[in-house]
Amino acid sequence: MPSFHWSADLDPLSWHGDVLVVCVAEEGDLEPHAQALDGALGGVIGRVRESGDFTGKSGEVLMLCAVRGIGADRVALLGRGKPGQGSAQEIADAFGDLARALVKQSCGRVAIVADPLPVGGLAAAVEGLLLGSYRFDHYRTVAKDLPKHSLDRIEFVVDIEHRDDWRGQIAAGEQIAAGVMLARDLINHPGNTVTPTRLAEEAGQIAEAYGLELTVLGREEMQAEGMGALLAVARGSEEEPKLIVLKYQGRDGGKPLVAVGKGLTFDAGGISLKPALDMHQMKYDMSGGAAVLGLMRVVGALKPGRSVIGIIPSSENLPDGKANKPGDILRSAAGLTIEVQNTDAEGRLILADALHYAKRFEPEAVVDLATLTGACVLALGSHYAAVLGTDQPLIDELRALGEEIGEPLWQLPFHEAYAEQLKSDVADLRNIGGREAGTITAALFLARFTEGMRWAHLDIAGTAWSNQDKGIKTKGGRGYGVRLLWRWVSEQG
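Numbering (our numbering), first residue to last: 3 to 495.
Structure, rendered in C-alpha coordinates:
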(Lines of atoms letter the chains of each structure in order from A; the text may use other names.)
(Lines give C-alpha, C1' and ligand atoms only; values in the text may rest on other atoms or scores of the structure.)
Protein backbone atom coordinates (compact mmCIF):
# COMPACT_ATOMS: atom_id res chain seq x y z
CA MET A 3 0.00 0.00 0.00
CA PRO A 4 1.47 3.40 -0.94
CA SER A 5 2.31 6.03 1.63
CA PHE A 6 0.42 9.33 1.33
CA HIS A 7 1.87 12.77 1.99
CA TRP A 8 0.71 16.34 1.46
CA SER A 9 2.40 19.68 1.05
CA ALA A 10 1.26 23.24 0.57
CA ASP A 11 4.78 24.34 -0.42
CA LEU A 12 5.71 21.79 -3.09
CA ASP A 13 6.34 23.33 -6.51
CA PRO A 14 4.81 20.93 -9.07
CA LEU A 15 7.07 22.16 -11.85
CA SER A 16 10.30 21.43 -9.98
CA TRP A 17 9.15 18.21 -8.28
CA HIS A 18 11.12 15.11 -9.32
CA GLY A 19 9.40 11.74 -9.63
CA ASP A 20 7.75 9.30 -12.01
CA VAL A 21 4.60 11.25 -12.86
CA LEU A 22 2.92 14.54 -12.04
CA VAL A 23 -0.89 14.35 -12.12
CA VAL A 24 -3.01 17.40 -12.83
CA CYS A 25 -6.80 17.48 -12.93
CA VAL A 26 -8.41 19.03 -16.00
CA ALA A 27 -12.10 19.82 -16.33
CA GLU A 28 -14.24 19.02 -19.34
CA GLU A 29 -14.68 22.67 -20.27
CA GLY A 30 -13.63 26.15 -19.20
CA ASP A 31 -10.24 27.61 -18.38
CA LEU A 32 -7.47 25.56 -16.86
CA GLU A 33 -6.88 25.82 -13.12
CA PRO A 34 -3.84 27.96 -12.13
CA HIS A 35 -1.53 24.98 -11.55
CA ALA A 36 -2.61 23.44 -14.87
CA GLN A 37 -2.06 26.77 -16.64
CA ALA A 38 1.47 27.01 -15.24
CA LEU A 39 2.18 23.42 -16.28
CA ASP A 40 0.76 24.05 -19.75
CA GLY A 41 3.09 27.02 -20.14
CA ALA A 42 6.10 24.98 -19.03
CA LEU A 43 5.20 22.25 -21.53
CA GLY A 44 4.78 24.64 -24.45
CA GLY A 45 0.98 24.56 -24.53
CA VAL A 46 0.58 20.81 -25.01
CA ILE A 47 -2.36 20.56 -22.60
CA GLY A 48 -4.31 23.17 -24.53
CA ARG A 49 -3.53 21.44 -27.82
CA VAL A 50 -4.71 17.98 -26.73
CA ARG A 51 -7.94 19.58 -25.46
CA GLU A 52 -8.49 21.41 -28.74
CA SER A 53 -7.76 18.32 -30.82
CA GLY A 54 -10.15 16.14 -28.83
CA ASP A 55 -7.38 13.74 -27.83
CA PHE A 56 -8.31 14.59 -24.24
CA THR A 57 -11.88 15.59 -23.41
CA GLY A 58 -11.67 15.95 -19.63
CA LYS A 59 -14.52 13.55 -18.97
CA SER A 60 -14.48 12.19 -15.45
CA GLY A 61 -11.98 9.34 -15.12
CA GLU A 62 -10.28 9.89 -18.48
CA VAL A 63 -6.50 9.56 -18.22
CA LEU A 64 -3.94 10.76 -20.79
CA MET A 65 -0.25 10.06 -20.10
CA LEU A 66 2.28 12.49 -21.60
CA CYS A 67 5.70 10.84 -21.76
CA ALA A 68 9.22 12.19 -22.31
CA VAL A 69 8.18 15.69 -21.23
CA ARG A 70 10.72 18.51 -20.95
CA GLY A 71 10.79 21.71 -18.96
CA ILE A 72 9.70 20.23 -15.62
CA GLY A 73 11.19 17.90 -13.02
CA ALA A 74 8.78 14.97 -13.44
CA ASP A 75 9.46 12.22 -15.96
CA ARG A 76 5.85 12.14 -17.16
CA VAL A 77 2.60 14.07 -16.81
CA ALA A 78 -0.83 12.49 -16.43
CA LEU A 79 -3.96 14.46 -17.22
CA LEU A 80 -6.97 13.28 -15.20
CA GLY A 81 -10.43 14.22 -16.41
CA ARG A 82 -12.64 15.78 -13.72
CA GLY A 83 -15.86 16.25 -15.67
CA LYS A 84 -17.88 19.47 -15.59
CA PRO A 85 -16.34 22.33 -13.59
CA GLY A 86 -17.67 22.55 -10.04
CA GLN A 87 -19.48 19.23 -10.32
CA GLY A 88 -18.64 15.71 -9.24
CA SER A 89 -19.87 13.67 -6.31
CA ALA A 90 -17.55 11.92 -3.88
CA GLN A 91 -18.21 8.70 -5.76
CA GLU A 92 -17.32 10.24 -9.13
CA ILE A 93 -14.07 11.50 -7.61
CA ALA A 94 -13.30 8.06 -6.16
CA ASP A 95 -14.02 6.33 -9.47
CA ALA A 96 -11.90 8.83 -11.42
CA PHE A 97 -8.93 8.27 -9.12
CA GLY A 98 -9.54 4.53 -9.27
CA ASP A 99 -9.12 4.66 -13.04
CA LEU A 100 -6.03 6.84 -12.56
CA ALA A 101 -4.52 4.29 -10.18
CA ARG A 102 -4.82 1.52 -12.76
CA ALA A 103 -3.16 3.69 -15.39
CA LEU A 104 -0.30 4.54 -13.01
CA VAL A 105 0.29 0.90 -12.10
CA LYS A 106 0.23 -0.10 -15.77
CA GLN A 107 2.93 2.49 -16.47
CA SER A 108 5.01 1.26 -13.48
CA CYS A 109 4.78 4.59 -11.70
CA GLY A 110 6.08 4.35 -8.14
CA ARG A 111 6.41 7.96 -7.02
CA VAL A 112 3.53 10.26 -7.89
CA ALA A 113 2.58 13.88 -7.18
CA ILE A 114 -1.04 14.98 -7.56
CA VAL A 115 -2.18 18.59 -7.73
CA ALA A 116 -5.26 18.47 -5.50
CA ASP A 117 -6.37 22.11 -5.59
CA PRO A 118 -9.26 21.53 -8.05
CA LEU A 119 -10.79 18.98 -5.64
CA PRO A 120 -13.68 20.26 -3.53
CA VAL A 121 -13.27 20.35 0.23
CA GLY A 122 -14.08 16.78 1.24
CA GLY A 123 -12.90 15.34 -2.06
CA LEU A 124 -9.44 14.28 -0.97
CA ALA A 125 -10.70 11.36 1.14
CA ALA A 126 -12.59 10.08 -1.91
CA ALA A 127 -9.44 10.46 -4.02
CA VAL A 128 -7.40 8.43 -1.54
CA GLU A 129 -10.09 5.74 -1.47
CA GLY A 130 -10.07 5.65 -5.25
CA LEU A 131 -6.30 5.36 -5.53
CA LEU A 132 -6.15 2.49 -3.05
CA LEU A 133 -9.21 0.58 -4.23
CA GLY A 134 -8.48 1.08 -7.93
CA SER A 135 -4.97 -0.33 -7.52
CA TYR A 136 -6.12 -3.29 -5.40
CA ARG A 137 -4.99 -6.72 -6.59
CA PHE A 138 -5.48 -10.18 -5.14
CA ASP A 139 -2.25 -12.05 -5.84
CA HIS A 140 -1.97 -14.22 -2.72
CA TYR A 141 -1.85 -17.48 -4.68
CA ARG A 142 0.13 -16.46 -7.76
CA THR A 143 3.66 -17.85 -7.95
CA VAL A 144 4.68 -17.22 -11.59
CA ALA A 145 6.72 -14.02 -11.81
CA LYS A 146 5.26 -12.85 -15.13
CA ASP A 147 1.76 -12.87 -13.62
CA LEU A 148 2.78 -10.54 -10.80
CA PRO A 149 3.00 -6.74 -11.07
CA LYS A 150 6.57 -5.56 -11.59
CA HIS A 151 5.99 -2.28 -9.76
CA SER A 152 3.34 -0.76 -7.55
CA LEU A 153 2.46 2.69 -6.31
CA ASP A 154 4.94 3.53 -3.57
CA ARG A 155 4.65 7.19 -2.57
CA ILE A 156 1.87 9.66 -3.41
CA GLU A 157 2.24 13.35 -2.61
CA PHE A 158 -0.69 15.75 -2.78
CA VAL A 159 -0.13 19.41 -3.54
CA VAL A 160 -2.79 21.22 -1.49
CA ASP A 161 -3.76 24.77 -0.64
CA ILE A 162 -2.54 25.94 2.74
CA GLU A 163 -5.98 27.24 3.81
CA HIS A 164 -7.41 23.73 4.29
CA ARG A 165 -4.25 21.85 5.28
CA ASP A 166 -5.64 20.55 8.59
CA ASP A 167 -8.70 19.25 6.78
CA TRP A 168 -6.49 17.59 4.14
CA ARG A 169 -4.55 15.73 6.80
CA GLY A 170 -7.74 14.29 8.31
CA GLN A 171 -9.14 13.39 4.90
CA ILE A 172 -6.06 11.44 3.89
CA ALA A 173 -6.22 9.46 7.14
CA ALA A 174 -9.95 8.79 6.74
CA GLY A 175 -9.57 7.72 3.12
CA GLU A 176 -6.77 5.31 4.02
CA GLN A 177 -8.76 3.67 6.83
CA ILE A 178 -11.99 3.35 4.85
CA ALA A 179 -10.13 1.81 1.92
CA ALA A 180 -8.31 -0.55 4.30
CA GLY A 181 -11.67 -1.79 5.59
CA VAL A 182 -12.91 -2.40 2.06
CA MET A 183 -9.69 -4.19 1.09
CA LEU A 184 -9.92 -6.42 4.15
CA ALA A 185 -13.41 -7.42 3.06
CA ARG A 186 -12.21 -8.01 -0.51
CA ASP A 187 -9.36 -10.21 0.66
CA LEU A 188 -11.68 -12.35 2.78
CA ILE A 189 -14.16 -12.75 -0.08
CA ASN A 190 -11.45 -13.60 -2.62
CA HIS A 191 -9.76 -16.23 -0.48
CA PRO A 192 -11.08 -19.77 -1.18
CA GLY A 193 -13.25 -21.76 1.17
CA ASN A 194 -10.36 -23.97 2.25
CA THR A 195 -8.64 -20.86 3.63
CA VAL A 196 -11.48 -18.72 4.95
CA THR A 197 -13.52 -20.84 7.32
CA PRO A 198 -15.71 -19.77 10.25
CA THR A 199 -12.66 -20.19 12.48
CA ARG A 200 -10.59 -17.94 10.18
CA LEU A 201 -13.28 -15.24 10.34
CA ALA A 202 -13.20 -15.44 14.12
CA GLU A 203 -9.41 -15.10 14.03
CA GLU A 204 -9.68 -12.02 11.81
CA ALA A 205 -12.17 -10.56 14.28
CA GLY A 206 -9.68 -11.26 17.06
CA GLN A 207 -6.95 -9.36 15.23
CA ILE A 208 -9.26 -6.37 14.76
CA ALA A 209 -10.27 -6.46 18.42
CA GLU A 210 -6.65 -6.57 19.57
CA ALA A 211 -5.49 -3.83 17.21
CA TYR A 212 -8.25 -1.35 18.05
CA GLY A 213 -9.37 -2.24 21.56
CA LEU A 214 -12.73 -3.76 20.66
CA GLU A 215 -14.55 -6.36 22.75
CA LEU A 216 -14.82 -9.78 21.10
CA THR A 217 -17.21 -12.62 21.87
CA VAL A 218 -17.19 -15.84 19.84
CA LEU A 219 -19.86 -18.48 20.34
CA GLY A 220 -19.04 -22.04 19.26
CA ARG A 221 -21.32 -25.05 18.97
CA GLU A 222 -21.76 -25.57 22.72
CA GLU A 223 -22.57 -21.91 23.39
CA MET A 224 -25.05 -21.89 20.50
CA GLN A 225 -26.77 -24.94 21.92
CA ALA A 226 -27.09 -23.14 25.24
CA GLU A 227 -28.66 -20.19 23.40
CA GLY A 228 -31.08 -22.49 21.56
CA MET A 229 -29.77 -21.52 18.12
CA GLY A 230 -31.26 -24.50 16.34
CA ALA A 231 -31.45 -22.76 12.96
CA LEU A 232 -27.77 -21.82 12.75
CA LEU A 233 -26.66 -25.18 14.16
CA ALA A 234 -28.78 -27.09 11.64
CA VAL A 235 -27.10 -25.38 8.69
CA ALA A 236 -23.67 -26.34 10.05
CA ARG A 237 -24.46 -30.01 10.67
CA GLY A 238 -23.12 -31.17 7.30
CA SER A 239 -19.70 -29.59 7.81
CA GLU A 240 -16.70 -30.61 9.88
CA GLU A 241 -15.98 -26.90 10.41
CA GLU A 242 -17.37 -25.64 13.70
CA PRO A 243 -19.87 -22.79 13.28
CA LYS A 244 -19.17 -19.46 14.92
CA LEU A 245 -21.25 -16.52 16.03
CA ILE A 246 -18.80 -13.62 16.06
CA VAL A 247 -19.62 -10.44 17.99
CA LEU A 248 -17.39 -7.34 17.90
CA LYS A 249 -18.30 -4.41 20.14
CA TYR A 250 -17.06 -0.83 19.94
CA GLN A 251 -17.97 1.48 22.82
CA GLY A 252 -18.56 5.00 21.57
CA ARG A 253 -18.27 8.24 23.48
CA ASP A 254 -21.92 9.27 23.49
CA GLY A 255 -23.20 6.41 25.65
CA GLY A 256 -26.31 5.97 23.50
CA LYS A 257 -27.87 2.79 22.21
CA PRO A 258 -25.63 0.93 19.76
CA LEU A 259 -25.98 0.57 16.03
CA VAL A 260 -25.82 -3.08 15.01
CA ALA A 261 -24.64 -4.54 11.69
CA VAL A 262 -25.29 -8.23 11.02
CA GLY A 263 -23.51 -9.97 8.13
CA LYS A 264 -24.16 -13.41 6.68
CA GLY A 265 -20.93 -15.40 6.96
CA LEU A 266 -21.48 -18.57 4.89
CA THR A 267 -17.86 -19.33 4.04
CA PHE A 268 -18.89 -21.89 1.44
CA ASP A 269 -22.37 -22.79 0.24
CA ALA A 270 -22.83 -26.00 -1.74
CA GLY A 271 -26.57 -25.88 -1.04
CA GLY A 272 -26.55 -28.78 1.40
CA ILE A 273 -28.77 -31.75 0.49
CA SER A 274 -30.59 -29.43 -1.96
CA LEU A 275 -27.31 -29.36 -3.88
CA LYS A 276 -26.49 -26.45 -6.16
CA PRO A 277 -25.60 -27.07 -9.83
CA ALA A 278 -21.88 -27.64 -10.40
CA LEU A 279 -21.62 -24.71 -12.83
CA ASP A 280 -20.07 -21.74 -11.01
CA MET A 281 -20.38 -23.42 -7.61
CA HIS A 282 -16.76 -22.42 -7.02
CA GLN A 283 -17.91 -18.82 -6.69
CA MET A 284 -19.96 -19.65 -3.62
CA LYS A 285 -16.93 -18.77 -1.52
CA TYR A 286 -18.39 -15.25 -1.83
CA ASP A 287 -21.45 -16.20 0.22
CA MET A 288 -19.77 -14.65 3.25
CA SER A 289 -19.63 -11.19 1.65
CA GLY A 290 -22.02 -9.75 4.22
CA GLY A 291 -19.87 -11.04 7.06
CA ALA A 292 -16.73 -9.71 5.35
CA ALA A 293 -18.36 -6.29 5.04
CA VAL A 294 -19.15 -6.25 8.76
CA LEU A 295 -15.54 -7.13 9.61
CA GLY A 296 -14.36 -4.37 7.27
CA LEU A 297 -16.77 -1.95 8.91
CA MET A 298 -15.56 -2.81 12.40
CA ARG A 299 -11.96 -2.25 11.32
CA VAL A 300 -12.90 1.24 10.11
CA VAL A 301 -14.90 1.88 13.28
CA GLY A 302 -11.97 0.83 15.44
CA ALA A 303 -9.55 3.07 13.53
CA LEU A 304 -11.69 6.21 13.20
CA LYS A 305 -13.60 5.90 16.50
CA PRO A 306 -17.03 7.44 15.89
CA GLY A 307 -19.12 8.83 18.73
CA ARG A 308 -21.80 6.15 18.48
CA SER A 309 -21.36 2.61 19.83
CA VAL A 310 -21.31 -0.05 17.10
CA ILE A 311 -21.73 -3.82 17.28
CA GLY A 312 -20.94 -6.22 14.44
CA ILE A 313 -22.47 -9.70 14.45
CA ILE A 314 -21.47 -12.45 12.01
CA PRO A 315 -23.16 -15.86 12.01
CA SER A 316 -20.74 -18.13 10.19
CA SER A 317 -20.82 -21.72 8.97
CA GLU A 318 -20.54 -23.86 5.85
CA ASN A 319 -23.52 -25.45 4.09
CA LEU A 320 -22.50 -28.89 2.81
CA PRO A 321 -24.18 -32.25 2.09
CA ASP A 322 -23.34 -35.02 4.54
CA GLY A 323 -24.98 -37.90 6.37
CA LYS A 324 -25.55 -35.58 9.31
CA ALA A 325 -26.70 -32.65 7.21
CA ASN A 326 -29.92 -30.75 7.59
CA LYS A 327 -32.59 -32.40 5.35
CA PRO A 328 -35.61 -31.11 3.43
CA GLY A 329 -38.63 -31.69 5.65
CA ASP A 330 -36.71 -31.21 8.91
CA ILE A 331 -38.30 -28.95 11.50
CA LEU A 332 -35.98 -26.65 13.43
CA ARG A 333 -36.49 -24.61 16.57
CA SER A 334 -34.87 -21.18 16.39
CA ALA A 335 -33.44 -19.18 19.28
CA ALA A 336 -36.58 -17.04 19.15
CA GLY A 337 -38.69 -20.16 19.80
CA LEU A 338 -40.29 -20.16 16.36
CA THR A 339 -40.31 -23.48 14.52
CA ILE A 340 -39.20 -23.63 10.90
CA GLU A 341 -39.97 -26.28 8.30
CA VAL A 342 -36.98 -26.69 5.98
CA GLN A 343 -38.25 -27.21 2.45
CA ASN A 344 -34.98 -26.33 0.74
CA THR A 345 -31.60 -26.58 2.46
CA ASP A 346 -30.17 -24.07 -0.02
CA ALA A 347 -32.26 -21.36 1.65
CA GLU A 348 -29.84 -21.45 4.55
CA GLY A 349 -28.74 -17.82 4.83
CA ARG A 350 -32.05 -16.77 6.35
CA LEU A 351 -31.70 -19.55 8.93
CA ILE A 352 -28.35 -18.41 10.28
CA LEU A 353 -29.44 -14.76 10.14
CA ALA A 354 -32.63 -15.56 12.06
CA ASP A 355 -30.68 -16.65 15.13
CA ALA A 356 -28.20 -13.78 14.76
CA LEU A 357 -30.95 -11.15 14.49
CA HIS A 358 -32.67 -12.55 17.55
CA TYR A 359 -29.33 -12.44 19.38
CA ALA A 360 -29.01 -8.74 18.49
CA LYS A 361 -32.10 -7.89 20.55
CA ARG A 362 -30.18 -8.28 23.82
CA PHE A 363 -28.16 -5.17 22.98
CA GLU A 364 -31.31 -3.00 22.75
CA PRO A 365 -30.00 -1.39 19.55
CA GLU A 366 -30.93 1.97 18.14
CA ALA A 367 -31.16 0.28 14.73
CA VAL A 368 -30.09 -2.94 12.99
CA VAL A 369 -28.94 -3.39 9.40
CA ASP A 370 -28.16 -6.82 7.98
CA LEU A 371 -26.29 -7.59 4.77
CA ALA A 372 -26.51 -10.90 2.99
CA THR A 373 -25.95 -12.51 -0.39
CA LEU A 374 -29.37 -13.98 0.21
CA THR A 375 -31.34 -14.64 -2.96
CA GLY A 376 -30.73 -15.35 -6.63
CA ALA A 377 -34.04 -13.60 -7.20
CA CYS A 378 -32.36 -10.33 -6.27
CA VAL A 379 -29.74 -10.80 -8.99
CA LEU A 380 -32.47 -11.46 -11.56
CA ALA A 381 -34.47 -8.43 -10.45
CA LEU A 382 -31.74 -5.81 -9.97
CA GLY A 383 -28.58 -7.17 -11.58
CA SER A 384 -25.22 -6.00 -10.28
CA HIS A 385 -25.74 -2.25 -9.92
CA TYR A 386 -28.29 -2.01 -7.09
CA ALA A 387 -28.71 -3.98 -3.89
CA ALA A 388 -32.23 -4.53 -2.59
CA VAL A 389 -33.39 -2.92 0.64
CA LEU A 390 -36.44 -3.91 2.65
CA GLY A 391 -37.35 -3.56 6.29
CA THR A 392 -39.63 -2.39 9.04
CA ASP A 393 -38.42 1.21 9.46
CA GLN A 394 -38.97 3.59 6.55
CA PRO A 395 -36.83 6.48 7.91
CA LEU A 396 -33.91 4.07 8.28
CA ILE A 397 -34.43 2.77 4.75
CA ASP A 398 -34.66 6.32 3.37
CA GLU A 399 -31.42 7.27 5.12
CA LEU A 400 -29.57 4.25 3.77
CA ARG A 401 -30.85 4.88 0.25
CA ALA A 402 -29.73 8.51 0.30
CA LEU A 403 -26.28 7.59 1.59
CA GLY A 404 -25.97 4.77 -0.92
CA GLU A 405 -26.61 7.14 -3.82
CA GLU A 406 -23.93 9.50 -2.52
CA ILE A 407 -21.16 6.94 -2.19
CA GLY A 408 -21.94 4.66 -5.12
CA GLU A 409 -23.51 1.72 -3.29
CA PRO A 410 -27.12 2.37 -4.30
CA LEU A 411 -30.15 0.55 -2.92
CA TRP A 412 -33.54 -0.15 -4.50
CA GLN A 413 -36.49 -0.58 -2.18
CA LEU A 414 -38.76 -3.55 -2.89
CA PRO A 415 -42.33 -3.99 -1.60
CA PHE A 416 -42.64 -5.30 1.93
CA HIS A 417 -46.31 -6.19 2.24
CA GLU A 418 -47.72 -8.81 4.58
CA ALA A 419 -49.67 -10.31 1.69
CA TYR A 420 -46.42 -11.93 0.57
CA ALA A 421 -46.03 -13.58 3.98
CA GLU A 422 -48.81 -16.00 3.04
CA GLN A 423 -46.18 -17.79 0.94
CA LEU A 424 -44.20 -18.63 4.10
CA LYS A 425 -47.00 -20.54 5.81
CA SER A 426 -46.26 -24.15 6.74
CA ASP A 427 -48.71 -26.95 7.43
CA VAL A 428 -46.51 -28.38 10.18
CA ALA A 429 -44.49 -25.50 11.69
CA ASP A 430 -44.70 -21.77 12.44
CA LEU A 431 -43.24 -20.97 9.03
CA ARG A 432 -41.23 -22.53 6.20
CA ASN A 433 -37.88 -21.37 4.92
CA ILE A 434 -38.91 -20.75 1.31
CA GLY A 435 -41.86 -18.94 -0.20
CA GLY A 436 -42.04 -20.51 -3.65
CA ARG A 437 -40.75 -19.18 -6.96
CA GLU A 438 -42.46 -15.79 -6.83
CA ALA A 439 -41.02 -12.68 -5.12
CA GLY A 440 -38.12 -14.59 -3.61
CA THR A 441 -36.24 -11.55 -2.32
CA ILE A 442 -39.38 -10.19 -0.65
CA THR A 443 -40.38 -13.44 1.02
CA ALA A 444 -36.83 -13.98 2.29
CA ALA A 445 -36.91 -10.55 3.95
CA LEU A 446 -40.35 -11.22 5.41
CA PHE A 447 -38.96 -14.43 6.88
CA LEU A 448 -36.19 -12.44 8.59
CA ALA A 449 -38.71 -9.89 9.84
CA ARG A 450 -40.24 -12.55 12.08
CA PHE A 451 -37.03 -12.38 14.14
CA THR A 452 -36.70 -8.59 14.38
CA GLU A 453 -39.76 -7.70 16.41
CA GLY A 454 -39.24 -4.54 18.44
CA MET A 455 -36.19 -3.37 16.46
CA ARG A 456 -35.72 -0.70 13.79
CA TRP A 457 -34.41 -2.94 11.03
CA ALA A 458 -33.35 -2.84 7.40
CA HIS A 459 -32.23 -5.77 5.27
CA LEU A 460 -29.80 -5.41 2.35
CA ASP A 461 -29.74 -8.24 -0.19
CA ILE A 462 -26.32 -7.83 -1.81
CA ALA A 463 -26.36 -11.02 -3.90
CA GLY A 464 -25.87 -9.07 -7.13
CA THR A 465 -23.51 -6.37 -5.90
CA ALA A 466 -21.03 -8.32 -3.77
CA TRP A 467 -18.97 -9.53 -6.76
CA SER A 468 -17.54 -7.61 -9.72
CA ASN A 469 -16.63 -8.97 -13.14
CA GLN A 470 -14.87 -5.82 -14.29
CA ASP A 471 -12.10 -3.39 -13.39
CA LYS A 472 -13.71 0.03 -13.47
CA GLY A 473 -13.49 2.98 -11.11
CA ILE A 474 -13.00 1.63 -7.60
CA LYS A 475 -14.30 -1.79 -8.63
CA THR A 476 -11.86 -4.60 -9.30
CA LYS A 477 -12.61 -8.12 -10.44
CA GLY A 478 -13.67 -10.35 -7.56
CA GLY A 479 -15.11 -9.43 -4.20
CA ARG A 480 -16.16 -5.78 -4.01
CA GLY A 481 -16.34 -5.25 -0.28
CA TYR A 482 -19.78 -3.81 -0.96
CA GLY A 483 -21.40 -2.36 2.13
CA VAL A 484 -18.31 -1.29 4.08
CA ARG A 485 -18.39 2.29 2.78
CA LEU A 486 -22.17 2.51 3.04
CA LEU A 487 -22.32 1.25 6.61
CA TRP A 488 -19.45 3.49 7.65
CA ARG A 489 -21.26 6.54 6.26
CA TRP A 490 -24.38 5.45 8.14
CA VAL A 491 -22.43 5.07 11.38
CA SER A 492 -20.50 8.32 10.98
CA GLU A 493 -23.69 10.27 10.25
CA GLN A 494 -25.08 9.26 13.64
CA GLY A 495 -22.33 11.14 15.51
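A virtual CB, placed ideally from N, CA and C, is assigned to each residue, including glycine.
Opposing strand residues paired with residue i [DSSP bridges]
i, result
"residue 268", "318"
"residue 246", "218, 314"
"residue 232", "Paired residues: none, contrary to the question."
"residue 367", "259"
"residue 78", "23, 65"
"residue 390", "459"
"residue 478", "468"
"residue 196", "Answer is none; residue 196 lacks a bridge partner."
"residue 372", "461"
"residue 431", "340"
Opening and closing residue of the alpha helix (DSSP H) in which residue i lies
i, result
"residue 490", "484-493"
"residue 438", "Unbroken run through residue 438: none, as it is neither H nor E."
"residue 420", "It is not in any alpha helix (DSSP H) - residue 420 carries neither H nor E in the DSSP assignment."
"residue 57", "No alpha helix (DSSP H) holds residue 57; DSSP gives it neither H nor E."
"residue 93", "90-106"
"residue 400", "394-407"
"residue 111", "No alpha helix (DSSP H) holds residue 111; the beta strand (DSSP E) holding it covers 111-115."
"residue 299", "289-304"
"residue 132", "123-134"
"residue 497", "Outside the shown range of the chain, which is 3 to 495, sits residue 497, and nothing can be said about it."
"residue 36", "34-42"
Rounded straight-line distance, which links the Cα of residue j to that of residue i
i, j, result
"residue 552", "residue 174", "The shown model of the chain, from 3 to 495, leaves out residue 552, and the question about it has no answer."
"residue 253", "residue 188", "30 Å"
"residue 396", "residue 231", "27 Å"
"residue 416", "residue 444", "10 Å"
"residue 75", "residue 236", "57 Å"
"residue 30", "residue 85", "7 Å"
"residue 152", "residue 482", "24 Å"
"residue 389", "residue 461", "7 Å"
"residue 470", "residue 155", "26 Å"
"residue 99", "residue 267", "31 Å"
"residue 363", "residue 105", "46 Å"
"residue 241", "residue 318", "7 Å"
"residue 466", "residue 45", "45 Å"
"residue 72", "residue 349", "58 Å"
"residue 407", "residue 486", "7 Å"
"residue 262", "residue 69", "52 Å"
"residue 341", "residue 334", "11 Å"
"residue 239", "residue 339", "23 Å"
"residue 478", "residue 190", "6 Å"
"residue 214", "residue 260", "14 Å"
"residue 257", "residue 366", "5 Å"
"residue 421", "residue 192", "36 Å"
"residue 211", "residue 183", "17 Å"
"residue 196", "residue 393", "34 Å"
"residue 56", "residue 473", "18 Å"
Closest residue to residue i among the options (Cα-Cα distance)
i, options, result
"residue 229", "36, 397, 353", "353"
"residue 293", "180, 158, 421", "180"
"residue 410", "401, 213, 65", "401"
"residue 47", "26, 59, 61", "26"
"residue 337", "351, 265, 257, 53", "351"
"residue 297", "45, 137, 484", "484"
"residue 316", "295, 201, 407", "201"
"residue 194", "167, 285, 213", "285"
"residue 170", "424, 303, 288, 21", "303"
"residue 14", "3, 5, 4, 41", "41"
"residue 159", "101, 16, 44", "16"
"residue 135", "82, 4, 245", "4"
"residue 344", "478, 291, 272, 6", "272"
"residue 23", "429, 114, 218", "114"
"residue 431", "332, 322, 233, 346", "332"
Range covered by the beta strand (DSSP E) that runs through residue i
i, result
"residue 450", "Residue 450 -> no beta strand (DSSP E), and no H or E assigned at all."
"residue 470", "Neither: residue 470 is in no beta strand (DSSP E) and is coded neither H nor E."
"residue 347", "Element bounds for residue 347: n/a, residue is neither H nor E."
"residue 156", "155-159"
"residue 7", "5-9"
"residue 411", "411-413"
"residue 332", "331-333"
"residue 144", "Per DSSP, residue 144 belongs to no beta strand (DSSP E) and is neither H nor E."
"residue 341", "339-341"
Check: Any contact of the stretch 108-115 with the stretch 432-452, i.e. 3+ C-beta pairs under 8 Å?
Finding: no
Next item on the list: Count the C-beta pairs between the stretch 199-217 and the stretch 484-495 that are closer than 8 Å, then say yes if the count reaches three, no if not.
Entry: no
Notebook entry, point to check: Using 8 Å as the threshold, is the stretch 437-445 in touch with the stretch 374-382, meaning 3 or more CB pairs across them?
Noted result: yes
Item checked: contact_flag[the stretch 209-229, the stretch 277-290] where n(CB pairs < 8 Å) is 3 or more -> no
Check: So, do the stretch 52-64 and the stretch 131-149 have three or more beta carbon pairs nearer to each other than 8 Å?
Finding: no
Note to self: Three Cβ pairs or more, each shorter than 8 Å: is that satisfied between the stretch 62-70 and the stretch 6-19?
What the structure shows: no
Next item on the list: Taking 8 Å as the threshold, find out whether the stretch 242-252 comes into contact with the stretch 304-320 through three or more Cβ pairs.
Entry: yes
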